């Protein structure tokens with residue numbers, strides 16, 4: 003039973019890290035586009051704030067859960 007619980011946690015941790023990694027890439031792309039944008043709409047500002055909030059929430063959740071990744075280039079500091 004404990005082995006199954008650890009396996010489920012590991013799968014959940016990997017999924018969480020994948021989502022965080024995707025959000026981190028989106029944030030990097032968005033920052034690059036923001037620097038070249040002349041007319042920055044309110045919708046874009048709101049979308050950026052939502053994206054940043056999602057990333058911050060999931061990152062802090064991963065840190066709280068002591069999430070470990072088998073990948074050496076993990077977005078979560080080990």
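In the numbering used here, the protein residues as written are 3 to 80. Every residue gets a Cβ at the ideal spot worked out from N, C-alpha and C, and that includes glycine. Note that this is a predicted model, so its numbers are computed, not measured.
Alpha-carbon spacing of residue i relative to residue j, whole angstroms
{"i": "residue 57", "j": "residue 17", "result": "14 Å"}
{"i": "residue 10", "j": "residue 46", "result": "37 Å"}
{"i": "residue 24", "j": "residue 65", "result": "17 Å"}
{"i": "residue 26", "j": "residue 40", "result": "23 Å"}
Cβ distance (whole Å) where residue i is taken to contact residue j below 8 Å
{"i": "residue 19", "j": "residue 69", "result": "6 Å"}
Residue from the options whose Cα sits closest to the Cα of residue i
{"i": "residue 63", "options": "7, 15, 8 and 6", "result": "15"}
{"i": "residue 60", "options": "22, 51, 7 and 6", "result": "22"}
Residues of its chain near residue i, where Cβ-Cβ distance is below 7 Å and the 5 sequence neighbours each way are ignored
{"i": "residue 32", "result": "50 and 53"}
Buried versus exposed call for residue i [16 or more other C-beta atoms within 10 Å across all chains shown]
{"i": "residue 7", "result": "exposed"}
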